[in-house]
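J.: Protein chains in written order, with the working numbering: chain A, 7 to 213; chain B, 2 to 252; chain C, 2 to 252; chain D, -11 to 224. Built from N, CA and C at the ideal position, the CB exists for glycine as well.
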Amino acid sequence: MHLPDGIVPVEMALAGYGASAALAALALARVKALPDPQAEIPRVAMLTTVFFAASLVAVPVPPVSVHLMLGGLMGVMLGWFSVPAILVGLFLQAVLFGHGGITTLGLNGMIFCLPALMAFGLWQLAGRRWPDLVALAAGSGAVLMALAIFAAIVLVGLPVVVDAGAERVALSIFLIAHLPLAMAEGVIVMTLLRVLRRVEPRLLPHG
Amino acid sequence: MNVLALHKLSVGHPGHPPVLSGLSMQMRAGEHVGLVGPNGAGKTSLFHTIAAVLPAQAGSAEVRGRAVRAGHFDTDIALVFQQAEDQLFCPTLFEDVAFGPRNMGLPEPEVQARVAQALAACGLTGLEDRPVHHLSGGEKRRACIAGALVMQPALMLLDEPSAALDLRNRRRLIALLAGMDQALLIASHDLELVLELCPRVVLIDEGRICADGPARAVLGDTALMAAHGQEVPHSLTPHDGTGHRHVRSFP
Amino acid sequence: MNVLALHKLSVGHPGHPPVLSGLSMQMRAGEHVGLVGPNGAGKTSLFHTIAAVLPAQAGSAEVRGRAVRAGHFDTDIALVFQQAEDQLFCPTLFEDVAFGPRNMGLPEPEVQARVAQALAACGLTGLEDRPVHHLSGGEKRRACIAGALVMQPALMLLDEPSAALDLRNRRRLIALLAGMDQALLIASHDLELVLELCPRVVLIDEGRICADGPARAVLGDTALMAAHGQEVPHSLTPHDGTGHRHVRSFP
Amino acid sequence: MADAALNPRARLVIALMLAFGIAAVRGVAVLPVLVALPVLVALAAGQARHILRRLRGAALLALGVVVTLTLISGETVLAQIGPVALRLQGLEAGMLIALRLLSIVAVTLALLAPLSPFQLVAGLRGMGVPALMADLALLTLRYLDELAAELRRARLARRLRGGRTGWRALPDHAFLLATALIRAQARAERLWSAMRLRGYGSGLAVDLAPMRVTDWGAVTAAIIAALALVMLDRAL
Ligand SMILES: Nc1ncnc2c1ncn2[C@@H]1O[C@H](COP(=O)(O)OP(=O)(O)OP(=O)(O)O)[C@@H](O)[C@H]1O
Ligand SMILES: Nc1ncnc2c1ncn2[C@@H]1O[C@H](COP(=O)(O)OP(=O)(O)OP(=O)(O)O)[C@@H](O)[C@H]1O
Ligand SMILES: [Mg+2]
Ligand SMILES: [Mg+2]
């Protein structure tokens, strides 16, 4: 569910860049405050790879395409690291596969990073007490939140000639098409965290 | 009936020239055969072709009379990979070894019994709940062998089974394999092990079978072995126990 | 000066009890030491601790007088991993071997020269442009060794260097290592190799150093070796060349 | 060809400039320029065939936009086919979006797809992207093979031991994905140690090629082209 190039006005794209840069600066500052950020790099990179590759198995459903987003997974597993990871993943997708967009990189960054941070917060709050439930909620919730941000951007950004009613119908179809995805992502995050808890608790966000 | 029959088989990787070509050989049920040859001779590639992982480039391979088709896997064959990590994929050791029997649809008590037996045979009892990626090199190797054993296949392909094993476990493995009545094809650079386990040895090099015969004749043939970058095993050369021996020079 | 000094070092994996504890030993510059012990004794874990991959659980390790701190890597130490695939990460063999020298900021002609030399020493000349995942098992192992050699480190840690090598390449490796004036610590189940390369041997088992002394004394001590699941190497036991030998029984 | 040697940094800057220039277009009058620009860049970069192949996904997307907007928006009905009306304003808006999209993707691919991962990452570093993110980009590309191999291995090992196929394998697959990821992470850590042990510090070992006169020239030309495009668009 990437926002492609050319759809929204250039002012919005620039604003997106500004917002993502600010978020990245904040996240990098948080990350630098960690005891040994270098030691985390291989894990972060491997998850970035997963994020990057997930969008390659895409089914085009014009004017967008449905594929795994994994924002919730990134947030729960990586915390603040998810912001640089997602931005790098999005950049590579845009440059190497023309997937997403180079001008909309900032906006896409917001669509993916904010839900990831939401999932991270959720996990921080209650992950220890109800791991399965929270994992499910974080995975699904991130998809829903991303959908909401995406819809908001498209509503604001589409040219005025487009009939508002028709626009809403199109968006609803698009949102409904993504509901199974939200379910699937919840299950994925839950399964992964379960296996992790059993065999490699060291990699869990909460030790 | 032959458990394995190769007819003019060519082995290779897609998009590359064949590694081995025109291989023909048979193995009888229960026969133990050693496969030796220098690095890069094509032992692993041959195993992958027999196990239907790699398509044959020409000719055919038959297991128990059925032609092998790449991608159609057969639980009559078990392959122990050269790289142990390629083979272990479940979270814990127990689950990994139990995976095969469970898929064969065996009832759970039988699965448990078979797994316990395979783990004991490989000296892994007590490590059941270990995550597989937390095992030491030798433990991983034995886990792979246990995973193959537990399937009770008609033909086992063992690629470097003794690599990474300590001597006690190597000896235990030899005892275990020697007592098996299934057919074994063992690729190894550990010629002592081949000598102890396999009455018959096949030597491959330069893309073909260079020798196929009684182990003692093939492995003891100094000229043949030297020509293919091998050495006659220690136990076939007399020496005096001082640690000094006749070092041959190689190109 | 000692190239390596361990003081009451405890080695283990985070969240697990220590694998080895209270290790103390020194290695002089240029010394070749063999490290032997059964599967799971902790050889690999010890190597990882010395190479700063794994944090020490207690005590300390010093390389050339500098304390090792986990995560602070030092190009004075080169580690050849037990699993070759853990070590190769560049697209082609040439790039992989050149990775170290390039990182050291050497000028390109020197990089080229060093890489060519290391590849030649490992018998890999001609495979420069091969993708590393298209190499055979033995070729991968030699690629790892070339990648370590090319760094010209003061201390090389070799974890099972001869696993997956055919006899010609094993012999070539022995010749290569024997001629090196850097310090080598070699973990191996190939006791013949240890015997040929290392005047001194350290035996570890049950979490501690069980013996540390001249190779011939340690490896030739039948009782000691049997007690730790090892066998005295062939070349230290007299036999008659018929292939029959005194098989000891083990627990 | 002079272009083939363009500095990675210059390529990134040019791609961004042109992309934003194209994204700023509002009127249909300059649409021919939107077609001409990527064609020119692609020809200059000698990448035409390559790009066409990769453009398929974007083309589908663009087509979708045109069709949808033509069907649902605008007052002026161009044609009526049964219950379906094709509308002018929708068609115009759709064409504009579609062409902007295609031409940005084509320009980006032409300029950046030929770069090796190392060059791409070196270019990022040169543009002041933090070292951490540049490292991440490099490792991500490196681990792509590793992850794919890990998944392939796990699947193969599973099949060899009689793992089921078809829809019955679905739960197995979710599980496989999880374990493959865990193992891939463990391997990633070892690979990272191997890299660090061979002297990989923070930051890249590749030199940043300096910007030469041709690079500066190309960047200036791109900036002028982008500005001209926007001004032309606003003027017409
Ligand atoms: N995936 C691959 N693609 C192309 N060539 C390959 C691939 N894997 C191996 N090769 C090449 O095929 C030849 C045979 O390799 P193979 O792994 O079968 O040898 P081997 O006899 O098992 O050697 P070793 O004793 O070192 O394990 C080698 O030259 C190797 O470089
Ligand atoms: N990542 C890990 N987490 C927890 N325990 C581990 C991990 N890796 C290894 N171990 C355990 O630590 C012990 C020592 O393992 P190590 O790999 O150091 O043995 P080793 O002497 O190298 O054995 P081998 O000869 O089989 O390679 C073993 O019991 C092993 O199961
Ligand atoms: Mg092999
Ligand atoms: Mg080990």
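Could you list which residues in chain A have their beta carbon closer than 7 Å to that of C/P15, in chain order?
T.: R208
J.: Kindly indicate the opening and closing residues of the beta strand (DSSP E) around B/C211.
T.: 209 to 215
J.: Of the choices C/G66, C/H134, C/L80, whose alpha-carbon is the least far from that of C/F95?
T.: C/H134
J.: Closest to D/Q77 by C-alpha separation, out of D/R88, D/L59, D/I69, would be which residue?
T.: D/L59
J.: Taking 8 Å as the threshold (beta carbon to beta carbon), is D/A169 in contact with chain C?
T.: Here residue 169 of chain D turns out to be Leu, not Ala, going by the sequence shown. D/L169 does not count as touching chain C.
J.: Which residue's Cα is closest to the Cα of A/F182: A/L153, A/A100, A/A125, A/G163?
T.: First, the residue type needs correcting, since residue 182 of chain A is Ile and not Phe in the sequence shown. Ranking A/L153, A/A100, A/A125, A/G163 by Cα distance to A/I182 puts A/L153 first.
J.: Quick one: what's got a C-beta closer than 6 Å to B/R171's C-beta in the same chain, skipping five residues either side?
T.: S163
J.: Give me the subset of the stretch 41 to 68 of chain B whose CB atoms are less than 8 Å from a CB atom of chain D, sorted by chain position.
T.: A52, V54
J.: Comparing alpha-carbon positions, which option in D/G205, D/I212, D/L217, D/I211 lies nearest D/L(-6)?
T.: Cα-wise, what sits closest to D/L(-6) is D/G205.
J.: Give the interface partners of D/I92 over in chain A, defined as CB-CB distance under 8 Å, in chain order.
T.: D11, G12, G107, I108, T109
J.: May I ask which residues mark the beginning and end of the alpha helix (DSSP H) holding B/Q118?
T.: 109 to 122
J.: Report buried or exposed for A/W136, applying the criterion of at least 16 other Cβ atoms within 10 angstroms of its Cβ.
T.: Under this definition A/W136 is an exposed residue.
J.: Would you say C/G72 lies against chain A (beta-carbon separation less than 8 Å)?
T.: yes
J.: Under 8 Å between C-beta atoms, does A/P68 make it to chain D?
T.: Caution is warranted here: a pLDDT of 49 is assigned to A/P68, below 50, making its placement in the model unreliable, and the coordinate value is therefore given only provisionally. Closer than 8 Å: yes.
J.: Assuming the contact rule is C-beta atoms closer than 8 Å, B/A145 and B/F100 should be a hit. Round their C-beta distance to whole Å, please.
T.: Note that residue 145 of chain B corresponds to Cys in the displayed sequence, not to Ala. Not a contact, Cβ separation roughly 12 Å.
J.: When Cβ atoms are compared, which residues of the stretch 25 to 48 of chain A fall closer than 7 Å to chain C?
T.: D42, Q44, A45
J.: Along the stretch 155 to 187 of chain C, where does the CB come closer than 9 Å to a CB of chain B? Name the residues.
T.: D160, E161, S163, A164, A165, L166, D167, L168, R169, N170, R171, R172, R173
J.: Contact criterion: CB-CB distance below 8 Å. Does C/F100 meet it with respect to chain D?
T.: yes
J.: Taking Cβ positions only, does B/L80 come closer than 8 Å to chain A?
T.: no
J.: Counting only Cβ pairs nearer than 9 Å, list the residues of chain A close to D/Q173.
T.: P48, R49, M52, L53, E206, L209
J.: Can you give the Cα-Cα distance for A/V193 and A/L150, rounded to whole angstroms?
T.: 14 Å
J.: Which one or two residues does DSSP pair with B/A62 in a beta bridge?
T.: B/L7
J.: Cα separation between B/L166 and B/R142?
T.: Take the alpha-carbon of B/L166 and the one of B/R142: they are about 7 Å apart.
J.: When you check each C-beta in the stretch 87 to 111 of chain C against every C-beta of chain D, which residues fall closer than 7 Å?
T.: D87, Q88, F90, F100, G101, R103, N104, M105
J.: Cβ of B/V20 versus every heavy atom of ligand 1: is any distance shorter than 7 Å?
T.: yes
J.: By the three-class DSSP mapping on this structure, what secondary structure does B/T76 have?
T.: In the three-state reduction of the DSSP assignment, B/T76 falls in the coil class.
J.: Check the C-beta distance from B/V34 over to B/L186 and give it rounded, since I have them as a contact under 8 Å.
T.: The pair is a contact, with the Cβ atoms about 5 Å apart (cut-off 8 Å).
J.: I need the straight-line Cα distance from A/P68 to D/V21, nearest angstrom please.
T.: Here A/P68 scores only 49 on pLDDT, less than 50, and its place in the model should not be relied on; the value that follows carries that caveat. Each residue's alpha carbon lies about 25 Å from the other.
J.: Would the beta-carbon of B/G101 be found less than 7 Å away from any heavy atom of ligand 3?
T.: no
J.: Could you round the C-beta distance between D/L127 and A/A51 to whole angstroms and report it? I think they count as a contact, below 8 Å.
T.: 3 Å
J.: Within the continuous beta strand (DSSP E) that includes B/V203, where are the two ends?
T.: 201 to 206
J.: Any C-beta of chain B sitting closer than 8 Å to the C-beta of D/R152?
T.: yes
J.: Could you check if B/H14 belongs to the surroundings of ligand 6, using beta carbon to heavy atom distance under 7 Å?
T.: Of the ligands one can find in the structure shown, namely ligand 1, ligand 2, ligand 3 and ligand 4, none is ligand 6.
J.: Comparing the CB of C/G41 with every heavy atom of ligand 2, is any distance shorter than 7 Å?
T.: yes
J.: Starting from B/T76, find everything on chain D with Cβ-Cβ shorter than 8 Å and list it in chain order.
T.: R149, G150
J.: Does the structure place the stretch 111 to 125 of chain A close enough to the stretch 76 to 89 of chain A that three or more beta carbon pairs sit under 8 Å?
T.: yes
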